[in-house]
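Asks: Here it is: the structure, laid out below.
Number of protein chains: 2
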Amino acid sequence: MAETIGFIGLGLMGRPMAKNLLKKGYPVVVHNRSRPAVDDLVQAGAKDGGSPGGVAEQSDVIISMVPDAPDVRDVLQGSGGVFEKLRRGQIIIDMSTISPTVAKELADEAARRGVMMLDAPVSGGEIGAIQGTLSIMIGGDEQTVETVRPILEAMGNPERIVRIGDAGAGQICKACNQMAIGGALIAVAEAYALAKKAGVDFTKVREALMGGFAASRVLEVHGQRMIEGNWKPGFKAKLYAKDYRIVTSAGAAYDSPMPASALVAQFVNAMLAEGLGEGDYSALAKVIFRLGGVE
Amino acid sequence: MAETIGFIGLGLMGRPMAKNLLKKGYPVVVHNRSRPAVDDLVQAGAKDGGSPGGVAEQSDVIISMVPDAPDVRDVLQGSGGVFEKLRRGQIIIDMSTISPTVAKELADEAARRGVMMLDAPVSGGEIGAIQGTLSIMIGGDEQTVETVRPILEAMGNPERIVRIGDAGAGQICKACNQMAIGGALIAVAEAYALAKKAGVDFTKVREALMGGFAASRVLEVHGQRMIEGNWKPGFKAKLYAKDYRIVTSAGAAYDSPMPASALVAQFVNAMLAEGLGEGDYSALAKVIFRLGGVE
Numbered sequence: 296m297a298e299t300i301g302f303i304g305l306g307l308m309g310r311p312m313a314k315n316l317l318k319k320g321y322p323v324v325v326h327n328r329s330r331p332a333v334d335d336l337v338q339a340g341a342k343d344g345g346s347p348g349g350v351a352e353q354s355d356v357i358i359s360m361v362p363d364a365p366d367v368r369d370v371l372q373g374s375g376g377v378f379e380k381l382r383r384g385q386i387i388i389d390m391s392t393i394s395p396t397v398a399k400e401l402a403d404e405a406a407r408r409g410v411m412m413l414d415a416p417v418s419g420g421e422i423g424a425i426q427g428t429l430s431i432m433i434g435g436d437e438q439t440v441e442t443v444r445p446i447l448e449a450m451g452n453p454e455r456i457v458r459i460g461d462a463g464a465g466q467i468c469k470a471c472n473q474m475a476i477g478g479a480l481i482a483v484a485e486a487y488a489l490a491k492k493a494g495v496d497f498t499k500v501r502e503a504l505m506g507g508f509a510a511s512r513v514l515e516v517h518g519q520r521m522i523e524g525n526w527k528p529g530f531k532a533k534l535y536a537k538d539y540r541i542v543t544s545a546g547a548a549y550d551s552p553m554p555a556s557a558l559v560a561q562f563v564n565a566m567l568a569e570g571l572g573e574g575d576y577s578a579l580a581k582v583i584f585r586l587g588g589v590e
Numbered sequence: 296m297a298e299t300i301g302f303i304g305l306g307l308m309g310r311p312m313a314k315n316l317l318k319k320g321y322p323v324v325v326h327n328r329s330r331p332a333v334d335d336l337v338q339a340g341a342k343d344g345g346s347p348g349g350v351a352e353q354s355d356v357i358i359s360m361v362p363d364a365p366d367v368r369d370v371l372q373g374s375g376g377v378f379e380k381l382r383r384g385q386i387i388i389d390m391s392t393i394s395p396t397v398a399k400e401l402a403d404e405a406a407r408r409g410v411m412m413l414d415a416p417v418s419g420g421e422i423g424a425i426q427g428t429l430s431i432m433i434g435g436d437e438q439t440v441e442t443v444r445p446i447l448e449a450m451g452n453p454e455r456i457v458r459i460g461d462a463g464a465g466q467i468c469k470a471c472n473q474m475a476i477g478g479a480l481i482a483v484a485e486a487y488a489l490a491k492k493a494g495v496d497f498t499k500v501r502e503a504l505m506g507g508f509a510a511s512r513v514l515e516v517h518g519q520r521m522i523e524g525n526w527k528p529g530f531k532a533k534l535y536a537k538d539y540r541i542v543t544s545a546g547a548a549y550d551s552p553m554p555a556s557a558l559v560a561q562f563v564n565a566m567l568a569e570g571l572g573e574g575d576y577s578a579l580a581k582v583i584f585r586l587g588g589v590e
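Residue numbers (the numbering used here), protein chains in the order written: chain A, 296 to 590; chain B, 296 to 590.
Quick look at the structure:
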């Protein structure tokens, strides 16, 4: 008999992820702050847990997928939360993107209650969540990762479900992911602006660069977005901004200087200041374009 | 009968490029500031032109491959240079990486003498030059590009020989190439440092990131260099520093602000200040590592 899975947080990402678990035949007990998502999942075959604690009572494995660290704390440590109802031997998987230091602290607290907790943030966006092809970066106990691997494979690409290291390592990896994307993105945006100002067709530049050392997924996908002026999300700028706050605070927490990422973070802030928070995060390029008077 | 090709500048890149022309059966007349490279090419079947002007006298198409704009000026505009001996209908291809504005100025001067000049900088490094698989980014007259395409195909990958636009566009594209690489490189270096300081194995991080949106050739190749601590060139840091001076001066010439690339340029300077100029340019990462006290 498959484990019963508790799923807390039925947003853009969580809702399709929970549905993919149902599709694989797992019994799923859900909770969400607002009601319509719960009704939707109940319609699809899930059970309403009533509260995070209620979900914990009825589940073997508890997954949380919420916006940020305070939300994870609320779900786990809050009144009526998961920790109040925790039983030895349960497993918690937090798939939210949060601070690595908070992830470690919560895993320690869960361990004191006899429960293994993994941090398992994802990348791949809403499309990856719907298609069940997410990349999942995991921090935590190796044996526990193997235990829950079939569950993760219901939501992610089996080849891209990687245990990175101990508790917090999944969140460090996600921070690295956002940093690598941000550095590539701002540089491609600046290159686009330079080409435009020099009267050069960036379509040709992108084509030439994709064959060589400058090739990247960012150049491929966001380079094309820049050409088309397409800023439809995708992954929302306001969530990327939250992720960059995690990046810079992780830098501070681990005494790790990051001059370029700190600069990117300023332009991510500028993107929100320009009212672009609900658009795709690649609109970071728009901030660079406006600086240069490039439409 | 194939056109006779003049080749001026037989350095790390020029020497194997000229040899590839010989291998394809082109008569080649060469010049180089220092003697041994000329002797080597003569041994391989080339003719010694004696001077840039001498090369121009005996060639239909004149290729220059020298370190920087002052060298190109010297070869073309200097005493005993190419421009002194130019005949209407010849073609000049400058494959050096130089300032886009200088490239345009020289193309204009050549045009006044009835000669088409292309800017055609390359990427792919010494290995690409030896294997004849360079990427070639071309600015200049479309018909002229088609005329010399077979010559360029002797040195580069046919699929990566791209006309970007009018005179100077090849150099703009090369600047964009270096910018895109630089932004990706510094961000990956910062991610590596963060992972290391947080006690996380970057090998795993790189593996996870390569499957997703952060995937890039820089992460693939230089991410691996960081893991191995391998800074053997490759492409020398001091040449990359020259390219970044072109990037930042192009930004100034075209009123194109580039906050991230300007920051990368500072760390490229720091790389030279640290005495890393003869190593691979990916040692930009070492500067970031030292900032963070990462080995």
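For glycine and all other residues, C-beta sits at the position ideal for the given N, C-alpha and C. Predicted model, so just to flag it, every value in this text is computed and none were measured.
Using a C-beta cutoff of 8 Å, does Ser430(B) count as contacting chain A?
Replies: yes
Asks: Along the chain, where does the alpha helix (DSSP H) containing Ser346(A) start, and where does it finish?
Replies: No alpha helix (DSSP H) contains Ser346(A), which DSSP labels as neither H nor E.
Asks: Can you check DSSP and say which residues form a bridge with Ser430(B)?
Replies: Ser418(B)
Asks: Are Gly506(A) and Arg458(B) touching if we call contact CB-CB under 8 Å?
Replies: no
Asks: Taking contact to mean at least 3 C-beta pairs separated by less than 8 Å, is the segment 351-369 of chain A in contact with the segment 301-313 of chain A?
Replies: As far as the Cβ criterion goes, the segment 351-369 of chain A touches the segment 301-313 of chain A, which means the pair count is three or higher.
Asks: What are the residues of the segment 485-500 of chain A that lie near chain B, defined by any Cβ-Cβ distance shorter than 7 Å?
Replies: Glu485, Ala486, Ala488, Leu489, Ala490, Lys492, Ala493, Val495, Asp496, Lys499, Val500
Asks: Less than 8 Å between CB atoms is the rule here; does Gly574(B) satisfy it with respect to chain A?
Replies: no
Asks: How would you call Ser551(A), buried or exposed, if buried means at least 16 neighbouring beta carbons within 10 angstroms?
Replies: buried
Asks: Output yes if chain A places a C-beta closer than 8 Å to the C-beta of Arg512(B); else output no.
Replies: yes
Asks: Just to confirm my understanding: we take Glu421(A), look at its own chain, exclude 5 residues before and 5 after, and list those with CB closer than 6 Å. What are they?
Replies: Leu307
Asks: Suppose contacts are defined by Cβ-Cβ distances below 8 Å. Is Ile541(B) in contact with Thr439(B) by that definition?
Replies: no
Asks: Roughly how many whole angstroms lie between the Cα atoms of Lys581(B) and Pro416(A)?
Replies: 29 Å
Asks: Consult DSSP for Glu538(B) and reduce its assignment to one of helix, strand or coil.
Replies: One point to set straight first is that residue 538(B) is Asp, not Glu, in the sequence displayed. Helix, per DSSP.
Asks: Cβ closer than 9 Å: which chain A residues qualify as neighbours of Met474(B)?
Replies: Ala482, Val483, Glu485, Ala486, Leu489, Ala509
Asks: Which residues in chain B sit within 7 Å of Leu558(A), going by Cβ to Cβ distance?
Replies: Chain order gives the chain B residues near Leu558(A) as Pro554, Ala555, Leu558, where near means a beta carbon separation below 7 Å.
Asks: Can you pull out the residues from the segment 406-424 of chain B whose beta carbon lies closer than 7 Å to at least one beta carbon of chain A?
Replies: Ser418, Gly419
Asks: I want to see whether chain B comes within less than 8 Å of Gly587(A), judged by CB atoms only; does it?
Replies: yes
Asks: Mind listing which residues of the segment 369-395 of chain A have their C-beta closer than 8 Å to chain B's C-betas, in chain order?
Replies: Here the close residues are Pro395.
Asks: Are there 16 or more other CB atoms within 10 angstroms of the CB of Pro395(B), so buried, or fewer, so exposed?
Replies: Counting Cβ neighbours within 10 Å, Pro395(B) comes out buried, since at least 16 surround it.
Asks: Using a Cβ-Cβ distance cut-off of 8 Å, determine whether Ala464(B) contacts chain A.
Replies: yes
Asks: Considering only their Cβ atoms, is the gap separating Met411(A) from Ile386(A) smaller than 8 Å?
Replies: yes
Asks: What is the residue span of the alpha helix (DSSP H) that Val397(A) lies within?
Replies: Per DSSP, the unbroken alpha helix (DSSP H) holding Val397(A) starts and ends at 395-407.
Asks: Judging by CA-CA distance, which residue of Asp389(A), Asp335(A), Gln426(A) is the nearest neighbour of Ala364(A)?
Replies: Asp389(A)
Asks: Taking only beta-carbon positions, decide if Tyr535(B) is within less than 8 Å of chain C.
Replies: No chain C appears in this structure, whose protein chains are A and B.
Asks: Would Glu441(B) count as contacting chain A if we go by Cβ distances under 8 Å?
Replies: no
Asks: Does the beta-carbon of Asp334(A) have 16 or more other beta-carbons within 10 angstroms, so that it is buried, or is it exposed?
Replies: With fewer than 16 Cβ atoms within 10 Å of its Cβ, Asp334(A) is classed as exposed.
Asks: Which term fits Ala591(B), buried or exposed, when burial requires 16 or more other beta carbons within 10 angstroms of its beta carbon?
Replies: Because chain B here runs from 296 to 590, residue 591(B) falls outside it and cannot be looked at.
Asks: Distance, Cα to Cα, Phe378(A) vs Ser544(A)?
Replies: Distance between the alpha carbons of Phe378(A) and Ser544(A): 26 Å.
Asks: Please say whether Val500(B) and Ala479(B) have beta carbons closer to each other than 8 Å?
Replies: no
Asks: Mind listing the chain A neighbours of Arg455(B)? Cutoff is C-beta to C-beta under 8 Å, in chain order.
Replies: Ala503, Gly506, Gly507
Asks: Mind listing the chain A neighbours of Ser294(B)? Cutoff is C-beta to C-beta under 7 Å, in chain order.
Replies: There is simply no residue 294(B) to check, as chain B begins at 296 and stops at 590 in what is shown.
Asks: For a test of your reading of the model: does the CB of Gly349(A) fall under 7 Å from any non-hydrogen atom of the ligand ATP? Yes or no.
Replies: The ligand ATP is not among the ligands present in this structure, which contains no ligands whatsoever.
Asks: Under three-state DSSP, which class holds Met360(B)?
Replies: Correct three-state label for Met360(B): coil.
Asks: Which residues in chain A have a C-beta closer than 8 Å to the C-beta of Ile459(B)? List them in chain order.
Replies: Val495, Asp496, Lys499, Val500, Ala503
Asks: At the level of alpha carbons, what is the spacing between Gly309(A) and Glu404(A)?
Replies: Cα-Cα distance, rounded: 24 Å.
Asks: Count the C-beta pairs between the segment 522-540 of chain A and the segment 568-588 of chain A that are closer than 8 Å, then say yes if the count reaches three, no if not.
Replies: yes
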